[in-house]
Structure formats: C-alpha cells, structure tokens
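Numbering (our numbering), first residue to last: 31 to 461. Built from N, CA and C at the ideal position, the CB exists for glycine as well. Remarks on the structure that follows.
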Amino acid sequence: GMGCSLCLGPHAELACCESHAWIDEAVDGQKSLVFLHGVMCCALQAKVGPNTCIGCSALLHGPGWENTFFSAEELVAGVPRFRNVLKLRKTRAKRTDGSEVVSTCDQEGVQIRPYPGIAGIATLNPGEDPLEIPVFKVLIRNLAPNYRLQAASYDWRRWGDVVFMEKTAEDFKRTIEREFKLTGRSVAIIAHSMGGNVAVYCMNTLGDDWCRKHVSDVILVAPSLAGSCSMLYGFANAPLSAALGTNFPDFVDNFVADCATTFPVGASLLPTQVGQVQAHDVDHKFVVTPDRTYGVEDMGQFVADMESQWPERVHTAEFWPHIEAEARRIAPLAAPTHIVYMDHVDTPCQITYESSDLRRDPVVSQRAPGDGTLIVGPLKALAAAWGRAGKAPVAMHRLPGDVIAGGVNHGHMIMQEWLVQLIEDLVPPHA
31 GMGCSLCLGP HAELACCESH AWIDEAVDGQ KSLVFLHGVM CCALQAKVGP
81 NTCIGCSALL HGPGWENTFF SAEELVAGVP RFRNVLKLRK TRAKRTDGSE
131 VVSTCDQEGV QIRPYPGIAG IATLNPGEDP LEIPVFKVLI RNLAPNYRLQ
181 AASYDWRRWG DVVFMEKTAE DFKRTIEREF KLTGRSVAII AHSMGGNVAV
231 YCMNTLGDDW CRKHVSDVIL VAPSLAGSCS MLYGFANAPL SAALGTNFPD
281 FVDNFVADCA TTFPVGASLL PTQVGQVQAH DVDHKFVVTP DRTYGVEDMG
331 QFVADMESQW PERVHTAEFW PHIEAEARRI APLAAPTHIV YMDHVDTPCQ
381 ITYESSDLRR DPVVSQRAPG DGTLIVGPLK ALAAAWGRAG KAPVAMHRLP
431 GDVIAGGVNH GHMIMQEWLV QLIEDLVPPH A
C-alpha cells in the first residue's frame, strides 16, 4: 500500500474494502445541501464515437460513458488519447439574447460530461477504490447522516465560455428547484473556490426574488470571485493545478497541462473587479515587465500581449472581454452569505518577468496574506461592500489556528472537519 500513497502524496487513501454506504445515506434528509466544486474538482466522463480516432493507441473504447478525468487506468492505457479527449475546440454560438460569440465544443466524435451525482465530487476517480483522490469526501461522509446532499456539477473546463455559463445557470435552476420541491424547503448552497463564482453568477442570472424563495444560505469556501494572481502564471506557463493550489499528484498535472490551454477556465480566473466593488486596488501592479506594468484594469492587455508572443500556447484570449463583462455585472446576493477564508499563508500577489519575453517563467515578486492561492483582501472588500448593500447579511469565517496548524491550503479547505461543524451550526438540518 505504501507505494500507492507515496505516488499520490499525502491525500491518497487506500479504500479497497470500504463500502460506500455514506453515498446512499445522502439521499435522505429534510434539508438539501447543494455542492458546487472548483476547477479540476469533479470527475469527468467521456463518450467516444465508434469511428473517432484521437491518438487511439490499441485501446478500444466502449460505447458508453467512461471515466476520463481522473482515471489512473485510462492514463496507463494511453496518455495521448486521453489528453486529446479533454481538448476543447473554439466555435461560434448564440447567447440567450441572440448575439453570436466565441464558444467551445468538444472534439469531433467526443462528448464530455461531469460524473453524475455526488460520487463525482466525493473523489476524482469514482470506482477506482485502491487509488482514491478525495475531494468532498470528508464533507459528504460527515453531513450525509443529517442532510440530503446533491451536486450541481458542471464541466469545469468550459467556465468562462458565456454560452456554456448561461446553460449552467439553467442546469443550476433545475437542480435547486427540484430539491426545493422535493423537501418543501429552501436549499443551502456550499461552494468551493471557483464553485463560488459559478453559484454567484447563477444566482445573479436567476434574480433576487428567485433566490429569496429557493435559497436559505450560501456558504462560499475560499471563493475565487475576484480571480487569482496565481492564474497569471498558470495561464500559459504552469500546469493548472499548480496555479490553483489543488495539490494533485504530478502525473495528474502533466496529464492536464497539455490540453488545459484550450480551456477558457484559465482566463476566467484572472484578477478582476466584482460588479461595482473595487475588490483590487486599481494601482496595484499584478505583473511587472521591463517595458510596463499591468494592474487589474489591464488584464485584457496582458492576455493580448501574451497571445501575440505565444500564440501556440494562448488559445483563450478572445474569451476575456466576455468574462470581464460578466464579472462586472455581479451584484450582491439576496440570500444570507458566509465567506470562509484563511489569511495565514504568504500568497502571490505580483509576478515579475525579468525580460520582455513573456514565454519565460516569471518570479513571484510580492506576496500578501491569503490561503496560498487567493489573497484575502478582495474577499474582505467584497464582504464589506455586500454587507453595506443590505440585501442580505454577509459574514466572514476564518479557519481557526488549530485547524491550519496542520498545513491547510486553498485546496484542503473543503476537507476539514471544522467546516462540517460550521455548516451544521449555520444550517440546522431540520430548519
């Protein structure tokens, strides 16, 4: 067993003999909790057409849905094919208002979907028991006896594609309304990292009256609403998870690095203001080069400069104007909001390129308190502004010292028993 946990780092668990009764338990309960995961934090399945060749190797795929992300078996069987399966193509598509914009689609002959149900967010590789990569598992196991649990999962690669975002809001509406109807009470939403962006966007799209009726509480765990400086070097250079502090084993990282530059999600996590709120100081320089600096208002220029220097690596620049426009439209939520954060880690807030060549790796030249991925300043600014707006109460909850002493970072925050306790305190199971 040792070799296995070594290769996956400290978060692999050997779970061969474990029954998954806790997943079955999650269907009962008078109060529904709906989870929204972050980037790379739900399993994806692929369905590949019979005559599709995408670096097939000798591997034959079955006709049904098969786990693609993340599957150690698949990886061993043929790396190129599974990289290719996840790549996105650019296309044009219509928004709900009829305007045509840049959008994404899967490779010809390929369909990708999130692994259905909460099993797809409990671990990244459902069904591969000996080699488990846990995500929401601690939360699900501990909350299942008292609540009904659901996942509002989405294809995280495509967040930042506004056509896909609008479709996600419809899916979200269906999920929440189904729970509302089933339990006869409003639903609590628990979102981690970029899941917070998704929840807030969807609730904004659906409107205040809808939220007041259907949503009792929103618990945002380290929400990346204002973006992350870490994404600036993850945009074209580093593997996605390095930028996001999700601590995946290297072999998962390398697997995704290749195709991740085709995912609009990278662009959607660049620093941005949120609605009318100045989450970032306009004078703060996120990027320094010998020629110029880039602040929060200059992200479009940074993306354009990056694209002109490195066209073979930057495939998502044209999504940025739409991403920024959506971020600038975000209004305070009409449901009671809780923001869970950490501020004990020195977190990158500025990178410097030593030369004018943006293809070279930059160095982190400034840090500020945060969780290793997100600095806490923007979250505090957001909470204060939303609180002043007075639509609904906003509270901040800091992970306590004894919890963080274990070396918790952005990715681990949803694995803490402390969070289970907080959720039970904030959302009584029978209320």
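- Remark: fewer than three beta-carbon pairs, one from each stretch, lie closer than 8 Å, so the stretch 322 to 337 and the stretch 206 to 217 are not flagged as touching.
- L116 has its alpha-carbon roughly 15 Å from the corresponding atom of L154.
- At a Cβ-Cβ threshold of 9 Å, Q339 and R389 count as neighbours.
- Across the structure, G441 and A174 are spaced so that their CA atoms are roughly 21 Å apart.
- Exposed is the label assigned to K211, since fewer than 16 other Cβ atoms lie within 10 Å of its Cβ.
- Our two residues, I220 and P320, have alpha carbons roughly 43 Å apart in a direct line.
- Three or more Cβ pairs drawn from the stretch 356 to 367 and the stretch 224 to 237 lie within less than 8 Å of each other, which places the two stretches in contact.
- Your pair A309 and L363 does not check out as a contact, with CB atoms roughly 15 Å apart and the cut at 8 Å.
- When Q75, S298, S216 and V304 are compared, the shortest CA-CA separation from Q60 is found for S216.
- Residue pairing from DSSP leaves M329 without any beta-bridge partner.
- Counting along the chain, D247 sits inside the beta strand (DSSP E) bounded by residues V245 to V251.
- Assignment of beta-bridge partners to Y371 by DSSP yields R428.
- CA-CA distance, A256 to Y177, rounds to 31 Å.
- Minimum Cα-Cα distance from C72 among the listed residues P144, G436, F65 and V370 corresponds to P144.
- Between L66 and V251, the alpha-carbon positions lie close to 10 Å from each other.
- Scanning V132, I369, D58 and S62 for the CA closest to the CA of H345 turns up V132.
- For V230, the enclosing alpha helix (DSSP H) stretches over residues M224 to L236.
- CA-CA distance, K243 to A199, rounds to 16 Å.
- Within the same chain, I53, A56, F65, F166, I170, L179, Q180 and A181 come within 8 Å of I148 by CB-CB distance, once the 5 residues on both sides are set aside.
- A straight line joining the alpha-carbon of V424 with that of C241 spans about 15 Å.
- One alpha carbon belongs to I369, the other to I405, and they sit about 13 Å apart.
- Restricting attention to G402, I151, S223 and G94, the CA atom closest to the CA of P378 is found in G402.
- DSSP, reduced to helix, strand and coil, places T121 within a strand of the structure shown.
- Sequence-distant Cβ neighbours of A415 in its own chain, meaning closer than 6 Å and more than five residues away, are V307.
- Collapsing the DSSP output to three states places L74 in a strand.
- Counting along the chain, the unbroken alpha helix (DSSP H) around R358 starts and ends at W350 to R359.
- Between V318 and S395, the C-beta gap is smaller than 9 Å, which places the two residues in contact.
- When the five nearest sequence neighbours on each side are left out, the beta carbons in the same chain lying within less than 8 Å of the beta carbon of T126 are those of E196, in order along the chain.
- Contact between T292 and E354 is ruled out by a C-beta separation of about 20 Å, above the 8 Å threshold.
- When the Cα atoms are used, T213 and H460 turn out to be separated by approximately 11 Å.
- DSSP places R204 in no beta strand (DSSP E) but in the uninterrupted alpha helix (DSSP H) bounded by V192 to T213.
- When the Cα atoms are used, M70 and R187 turn out to be separated by approximately 8 Å.
- Going by DSSP, L66 is part of no alpha helix (DSSP H) but of the beta strand (DSSP E) stretching over S62 to L66.
- In the three-state reduction of the DSSP assignment, V307 falls in the strand class.
- Per DSSP, the unbroken alpha helix (DSSP H) holding P408 starts and ends at G407 to A419.
- A residue is called buried when at least 16 other Cβ atoms come within 10 angstroms of its Cβ; S129 does not meet this threshold and is exposed.
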